[in-house]
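Quick note on our numbering: the sequence shown kicks off at 1422 and runs consecutively.
Note that CB positions come from ideal geometry on N, CA and C, so glycine has one too.
Treat the numbers as computed from the prediction; the structure is a model and nothing was measured.
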Amino acid sequence: MEDVEAVILVGGKGTRLRPLTLSAAKPMLPTAGVPFLAHLLSRIRAAGVRRAVLGTSYLAETFEQGFGDGSALGLELTYVTEEEPLGTGGGIRNVADRLTAETVLVFNGDVLCGTDLSAVVETHRRREADVTLHLVRVPNPRAFGCVPTDAEGRVLAFLEKTEDPPTDQINAGCYVFQRKVIDEIPAGRPVSVERETFPALLAAGARVWGHVDNAYWRDLGTPADLVHGSADLVRGIAPSAALPGPPGERLVLEGAELARDALVFGGTAVGRDVRIGAGARVEGSMLFDGAVVGPGALVRHSVIGYGAQVHDGAVVIDAVVGDRAIIGAHCELRHGARVWPDVALPPHGVRFSPDV
């Protein structure tokens, strides 16, 4: 894999994750104790790749601030910023002049996956493909574009979301490109690989193959997926060499203080200097650095932002609490509720249930 380079597309604004992405790019959100992108970079390094190019746009400077030249990770990192959004294909073409290898692994920067990257490249080489796509089988492919293949694995079509998909195989957001294909993508304008590049390659008779497996896979585009992906990393269900501690029911970073009778489990990630009060229950959640969960509070499958406070007896289930927000005592948030940064809800100020 020393002759393979990686391209990681991290330019999106992460609008579905707001308010978390108002102050942080989606791949830089703390996920199981480290920026999400650290998990992907660790997998790239473990596969034997030594050089990666990051295609950035939104909050571009934060990536280099976070990872520098990559030497701490055993990688050589290069950063290229899009001045205007260029889509997946345009983003790949935009970094072409920084590439030196003939074989290039390309990743969407918001996908958590456990596939064997070496095996994907081996499929690409064995088939002498122009492009190889990592495909995963999912129980409900209707929510995704699906990619049928023939008996040998050659891609037959790229289909948009449909109520009657012909296959359970979907595009997992990881590709292997030959450099010549990247150079043929139009430069300087938005291009979608799914809607333009790949269909054009099929029409031209190019060798486009699928590497199909049942590896762990999750798109972290929504708060629910982000929370569940983080919990899977903490519990060791999703593999990562970047986890800052042993897998288990919870991950607790330095400086955090948990009351002796607080119940913290389900893959909860507890950030630095977090405080969790007596009798609190925190299940399968993400508590960013400096967050506070008061005595008797319940937090389940939620994100509590930097310095945010959930006061005594409050209930936060399937919700997002923005940085420095305050959830007053005995408030109740459920069903995808989102509280923006610095908002303060008074005690009993928001309820979903009639009981008090």
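Contact check, Glu1504 vs Gly1476, beta carbons under 9 Å | Taking the sequence shown and counting its residues from 1, the one referred to as residue 1504 is at position 83. Taking the sequence shown and counting its residues from 1, the one referred to as residue 1476 is at position 55. For Glu1504 and Gly1476, no; Cβs fall outside 9 Å.
Specify the secondary structure class of Val1568 as computed by DSSP and reduced to three states.
-> As a first step, residue 1568 is located in the sequence shown; it is residue number 147 there, counting from the start. Coil, per DSSP.
Touching or not, the region 1514-1534 and the region 1425-1445, by the rule of three or more beta carbon pairs under 8 Å?
-> Yes: at least three Cβ pairs fall under 8 Å.
Identify which residue in Val1612, Gly1688 and Gly1535 has its Cα closest to the Cα of Ala1593.
-> Taking the sequence shown and counting its residues from 1, the one referred to as residue 1593 is at position 172. Ranking Val1612, Gly1688 and Gly1535 by Cα distance to Ala1593 puts Gly1535 first.
Check Thr1583 in the structure and name its three-state DSSP category.
-> In the sequence shown, residue 1583 corresponds to position 162, counting from 1. Annotated three-state conformation of Thr1583 is coil, per DSSP.
Rounded C-alpha distance that separates Gly1657 from Ala1636 | As a position in the sequence shown, residue 1657 is number 236, starting the count at 1. As a position in the sequence shown, residue 1636 is number 215, starting the count at 1. In a straight line, the C-alpha of Gly1657 is about 14 Å away from that of Ala1636.
Which of helix, strand or coil does DSSP assign to Arg1514?
-> Counting from 1 along the sequence shown, the entry for residue 1514 is found at position 93. Assigned with DSSP and collapsed to three states, Arg1514 falls in helix.
Run the CB neighbour count on Glu1704, radius 10 Å, all protein chains shown included, and call it buried at 16 or more, exposed below.
-> Counting from one through the sequence shown, the residue named residue 1704 turns up at place 283. Around the beta-carbon of Glu1704, 16 or more other beta-carbon atoms lie within 10 Å, marking it buried.
Alpha carbon of Glu1497 to alpha carbon of Arg1439, nearest angstrom | Numbered from its first residue, the sequence shown carries residue 1497 at position 76. Numbered from its first residue, the sequence shown carries residue 1439 at position 18. For Glu1497 and Arg1439, the distance between alpha carbons rounds to 31 Å.
If you draw a straight line from the alpha carbon of Ala1811 to that of Val1629, how long is it in whole angstroms?
-> Not covered by the structure: residue 1811. The range shown for the chain is 1422 to 1777.
Does DSSP classify Glu1485 as helix, strand or coil?
-> Start at 1 with the first residue of the sequence shown, and residue 1485 comes out as number 64. Residue state for Glu1485 is assigned as helix, using DSSP reduced to three classes.
Candidates Ala1750, Leu1674 and Glu1482, of which the one nearest Gly1770 by Cα | Position 349 of the sequence shown, counted from the first residue, corresponds to residue 1770. The candidate whose alpha carbon is nearest that of Gly1770 is Ala1750.
Please classify Phe1619: does DSSP put it in a helix, a strand, or coil?
-> Here residue 1619 corresponds to residue number 198 of the sequence shown, with the count starting at 1. Looking at Phe1619 - three-state DSSP - the assignment turns out to be helix.
Entirely within the region 1627-1675 and at least 4 residues each: give me those alpha helix (DSSP H) ranges in chain order.
-> The region 1627-1675 contains these whole alpha helix (DSSP H) runs: 1644-1656.
Can you say whether Ala1572 is buried or exposed, counting buried as having 16 or more other CB atoms within 10 angstroms of its CB?
-> Residue 1572 sits at position 151 when you count from the first residue of the sequence shown. Answer is exposed; the Cβ neighbour count stays below 16.
If you draw a straight line from the C-alpha of Gly1626 to the C-alpha of Ala1578, how long is it?
-> Within the sequence shown, the letter at position 205 stands for residue 1626. Within the sequence shown, the letter at position 157 stands for residue 1578. If I take the Cα positions, the gap works out to 12 Å.
Would you give the residue range spanned by the alpha helix (DSSP H) that Phe1528 belongs to?
-> Locating residue 1528 in the sequence shown gives position 107, counting from the first residue. That residue, Phe1528, is in no alpha helix (DSSP H); its beta strand (DSSP E) goes Thr1524 to Asn1529.
CA nearest to the CA of Ala1467, picked from Ala1662, Thr1442 and Gly1734 | Looking up residue 1467 in the sequence shown gives position 46. Nearest in C-alpha terms to Ala1467, of all of Ala1662, Thr1442 and Gly1734, is Ala1662.
May I ask you to report which of helix, strand or coil DSSP gives Ala1624?
-> The residue you call residue 1624 lines up with position 203 of the sequence shown. It is helical.
Straight-line gap, Gly1728 to Asp1744 (C-alpha atoms, nearest Å) = For the purposes of this step, residue 1728 is identified with residue 307 of the sequence shown, where counting begins at 1. For the purposes of this step, residue 1744 is identified with residue 323 of the sequence shown, where counting begins at 1. Cα-Cα distance, rounded: 6 Å.
In the region 1728-1758, which residue ranges form an unbroken beta strand (DSSP E) of at least 3 residues, counting only runs that do not cross its ends?
-> The qualifying runs are 1736-1738.
Identify the residues that DSSP records as bridge partners of Pro1703: which are they?
-> The count along the sequence shown starts at 1 and reaches residue 1703 at position 282. Reading the sequence as shown, one finds Val at residue 1703 and not Pro. Per DSSP, Val1685 and Val1720.
In the DSSP assignment, what are the bridge partners of Tyr1500?
-> One-based indexing of the sequence shown puts residue 1500 at position 79. Tyr1500 is bridged to Leu1475.
Length of the line joining the Cα atoms of Glu1761 and Ala1735 | In the sequence shown, the residue the question calls residue 1761 occupies position 340. In the sequence shown, the residue the question calls residue 1735 occupies position 314. The sequence given here has Trp at residue 1761, not Glu. Spanning the alpha carbons of Trp1761 and Ala1735 requires a straight line of approximately 17 Å.
Burial state of Glu1753 (16 or more Cβ within 10 Å) = The residue given as residue 1753 occupies position 332 in the sequence shown. Flag for Glu1753 reads buried.
Sort Cys1567, Arg1548 and Leu1641 by Cα distance to Lys1582 and report the nearest one.
-> Walking along the sequence shown from the start, residue 1582 turns up at place 161. Minimum Cα distance to Lys1582 is reached at Cys1567.
Whole angstroms is fine: what's the gap from Glu1675's alpha carbon to Asp1646's?
-> In the sequence shown, counting from the first residue as 1, residue 1675 sits at position 254. In the sequence shown, counting from the first residue as 1, residue 1646 sits at position 225. Rounded to whole angstroms, Glu1675 to Asp1646 spans 26 Å at the Cα level.
Identify the continuous alpha helix (DSSP H) that holds Phe1457 and give its terminal residues.
-> Taking the sequence shown and counting its residues from 1, the one referred to as residue 1457 is at position 36. For Phe1457, the enclosing alpha helix (DSSP H) begins and ends at Phe1457 to Ala1467.
Opening and closing residue of the alpha helix (DSSP H) in which Val1541 lies | Here residue 1541 refers to the residue found at position 120 of the sequence shown. Counting along the chain, the alpha helix (DSSP H) containing Val1541 begins and ends at Leu1538 to Arg1547.
Alpha helix (DSSP H) containing Val1602: first to last residue?
-> Position 181 of the sequence shown, counting from 1, holds the residue named residue 1602. Val1602 -> alpha helix (DSSP H) spans Arg1600 to Glu1605.
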